[in-house]
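Residues in the sequence shown are numbered consecutively from 2, following the numbering used here.
Reviewing the structure listed below.
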Amino acid sequence: MRKLTALIALLILALGLSGPAAFGSEKEKPQKVDYRFTPPAPRDQSQADVAAKSEGCYSCHTRTDLP
Numbered sequence: 002m003r004k005l006t007a008l009i010a011l012l013i014l015a016l017g018l019s020g021p022a023a024f025g026s027e028k029e030k031p032q033k034v035d036y037r038f039t040p041p042a043p044r045d046q047s048q049a050d051v052a053a054k055s056e057g058c059y060s061c062h063t064r065t066d067l068p
């Protein structure tokens with residue numbers, strides 16, 4: 002049992018001395034992201050138009066999401 006405890010302590014010490022650099026890159030690097038243009042929703046549309054456009058969404062998102 003003492004050997005196991007000593008081994009665990011040695012592993013913890015070794016991981017602690019290696020520092021955070023051992024677990025990832027040094028710094029975050031910026032990513033190039035191309036966002037697509039999405040036109041805004043029409044200002045003047047009836048509730049029937051809104052419901053027709055959203056019918057596919059509401060077929061899956063029924064219990065957890067509100068319109």
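Where is the CB? At the ideal position from N, CA and C, for every residue including glycine.
- Pairing A10 with P40, the inter-Cα distance amounts to about 59 Å.
- Look at A49 here: in three-state DSSP terms it is helix.
- Non-local C-beta neighbours of L5 in its own chain, meaning closer than 7 Å and more than five positions away in sequence, are absent.
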